[in-house]
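Residue numbers (the working numbering), protein chains in the order written: chain A, 1 to 357; chain B, 1 to 81. Below: one structure, written as structure tokens.
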Amino acid sequence: MAKVLMKGNEAIGEAAIRAGCLNYFAYPITPQSEVAEYLVKRMPEVNGVFVQGESEVAVGYMIFGAAACGERVMTTSSSPGVSLMSEAISYIAGARCPAVFVNIMRGGPGLGGILPSQGDYFQATKGGGHGDYHMLVMAPDGVQEAVEMTMQAFPLAEKYRGPVMIMGDGMIGQMMEPVEFPEDLYVAPTNKDDWATNGMDTRKSDTKNIVKSLYLDPKVLNDHNLLLKSQYDRMKKEDVRFENYNTDGDYDALIVSYGTMSRVCKTAIDEMKAQGLEIGMVRPQTLFPFPEQAIHDAASKKGCKVVVSIEMSMGQMVEDVERVVKGKVPVQWYGQCGGEIPTPEEVIEHIKSLLNS
Amino acid sequence: MAFKHVVETERCKGCGLCKDVCPKNVLEISDTVSAKGYFPIFQARPEDCIHCTLCCVMCPDVAITIIETSDETPEKAMEAN
């Protein structure tokens with residue numbers, strides 16, 4: 001298929017349809033509203049369903065309901081809306097239902113602002129909702145990757161039977177880039193008869209499937225949590241994704257950065273290379289599972305004096321970077337938030353000042 | 001002859017690319033907020049527009065249209081006839 005020029009939000013909507021998602025529930029919020037605006041028109045054309053919920057709380061449970069029935073289902077929102085959905089995300093994780101959540105992050109806390117930010121790292125990777133659960137969290141760095149991750153999110157949600165989150169930000173949602181929709185990323189659902197409450201008449205098995213997150217017996221609940229944990233451990237083995245940039249040769253410092261921020265860092269790295277300064281970067285494409293080994297190995301490389309986590313937040317991912325670098329080299333944070341995006345010049349200036357100090 | 005910018009304020013996200021690209025510095029970012037929460041652009045100096053349409057081409061959200069307007073009021077036009 002030829003490339004088309006699309007806005008990130010609209011491309012995410014189209015990618016969901018290409019992935020076989022015919023159920024989309026959402027509530028408008030800037031900078032995510034274009035997904036809903038696109039799908040309200042597009043869903044009827046493919047006999048899909050779009051419902052605008054009365055709030056994000058309601059939307060969360062619409063997702064739960066559709067997911068429990070074994071349907072491919074997605075919602076999109078932005079930071080404050082995802083906070084409202086957090087309860088449902090915990091229930092969905094507890095009930096082991098596959099669903100896709102897209103967070104087009106904006107500045108916080110509270111209502112914050114509407115411009116790009118990465119302040120929801122903790123919310124996405126460390127919970128948000130209650131209980132021992134995780135989501136598989138993917139962070140695209142542009143419209144093409146947002147499309148690919150959206151299409152892959154549905155089979156991944158079914159593989160691990162849990163919520164998967166795409167962490168974009170206002171920049172990814174609002175920018176236009178040429179994209180294509182790779183047809184080979186469509187994977188048909190395989191396992192839903194084993195767990196979904198999709199009716200006895202069409203199902204191949206004759207056991208009743210029950211979807212629930214309530215386990216009053218402590219031993220049963222403990223076993224249930226061990227089962228969830230085994231899925232998270234499996235994610236860490238099978239679905240860690242990252243990109244190395246300029247790490248083949250030696251480098252004086254290592255940047256860890258994701259999403260929009262990593263695009264800025266790539267420009268900064270290229271400019272520093274032209275000036276004769278080698279800086280490497282690891283870009284986590286999955287925030288959970290975190291690319292622990294890749295960052296540890298890159299930080300341990302001889303000659304690397306410092307690791308900098310560069311984020312559009314006040315220092316969230318840096319805690320994970322510190323955890324995985326395990327004291328091999330000093331770990332620093334640099335960033336801005338609330339809609340301010342560090343420029344390549346500011347990144348260069350900061351890296352140089354770190355190396356000179 | 002003057003040229004009037006028609007901005008679809010619900011599509012404009014106030015990115016300012018049009019403002020940067022305008023050779024005549026016609027456009028400014030508004031200080032009133034749109035329904036989506038953005039500060040859209042507006043035509044601050046309409047008399048300077050030369051209808052080059054660079055802003056229309058640059059706009060990633062295709063939110064700008066330029067139309068020709070006549071300086072003549074209907075009364076003036078009738079007097080001239």
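The beta-carbon is built from N, C-alpha and C at its ideal position, and this holds for glycine as well.
Worksheet item: Does any residue of chain A bring its CB to less than 8 Å from the CB of B:Thr23?
Response: The sequence given here places Pro at residue 23 of chain B; Thr does not occur at that position. For B:Pro23, the answer is no, since every Cβ of chain A falls outside 8 Å of its Cβ.
Worksheet entry | Per-residue DSSP class, three states only, for A:Asp297 | helix
Practice prompt. Compare the C-beta of A:Thr30 against all C-beta atoms of chain B and say whether one is closer than 8 Å.
Written response: yes
Discussion item. With a threshold of 8 Å between beta-carbons, can B:Lys84 be considered close to chain A, or not?
Written reply: Past the boundaries of the shown model lies residue 84 of chain B; chain B is included only from 1 to 81, so the question cannot be answered.
Discussion item. Taking DSSP's pairing of strands, which residues face A:Tyr232 in a bridge?
Written reply: Partner(s): none; A:Tyr232 has no beta bridge.
Worksheet item: Considering only C-alpha positions, which residue in the set A:Glu177, A:Pro178, A:Gln144 and A:Leu185 is nearest to A:Phe154?
Response: A:Leu185
Fill in: Pairwise C-alpha distance: A:Tyr232 and B:Asp61
40 Å
Worksheet item: Between A:Leu226, A:Cys304 and A:Ser86, which lies nearest to A:Gly128 when the distance is taken from Cα to Cα?
Response: A:Ser86
Worksheet item: Cβ of A:Ala67 within 8 Å of Cβ of A:Pro31?
Response: no
Practice prompt. May I ask you to list the residues that DSSP assigns as paired with A:Ser79?
Written response: A:Ser79 pairs with nothing; no bridge assigned.
Worksheet item: Under 8 Å between C-beta atoms, does B:Pro40 make it to chain A?
Response: no
Practice prompt. Helix, strand or coil for A:Pro330, going by three-state DSSP, please let me know.
Written response: coil
Discussion item. I need the straight-line Cα distance from A:Asn9 to A:Ser90, nearest angstrom please.
Written reply: 25 Å
Discussion item. In this structure, how does DSSP classify A:Ala253 when only helix, strand and coil are distinguished?
Written reply: strand
Practice prompt. Note down the Cα distance separating A:His134 from B:Phe3, rounded to an integer number of angstroms.
Written response: 56 Å
Fill in: For B:Arg11, the three-state DSSP class (helix, strand or coil)
coil
Worksheet item: Candidates B:His5, B:Ile29, B:Glu68 and B:Cys18: which alpha carbon is nearest B:Cys59's?
Response: B:Cys18
Fill in: Classification of A:Gln52 by the beta-carbon crowding that lies within 10 angstroms, buried from 16 upward
exposed
Worksheet item: Does A:Met171 come within less than 8 Å of chain B when only Cβ atoms are used?
Response: no
Practice prompt. Out of A:Thr247, A:Glu322 and A:Leu136, point me to the one whose CA is closest to A:Asn103's CA.
Written response: A:Leu136
Practice prompt. Check whether the Cβ of A:Met149 lies closer than 8 Å to any Cβ atom in chain B.
Written response: no
Item to complete: Please report how far the alpha carbon of A:Met200 lies from the alpha carbon of A:Asp223, in whole angstroms.
Response: 28 Å
Practice prompt. Leaving aside the five residues before and after B:Thr65 along the sequence, list all residues of the same chain whose C-beta is less than 6 Å from its C-beta, in chain order.
Written response: Val6
Worksheet item: Would you call the segment 209–218 of chain A and the segment 259–266 of chain A in contact, with 3 or more CB pairs under 8 Å?
Response: no
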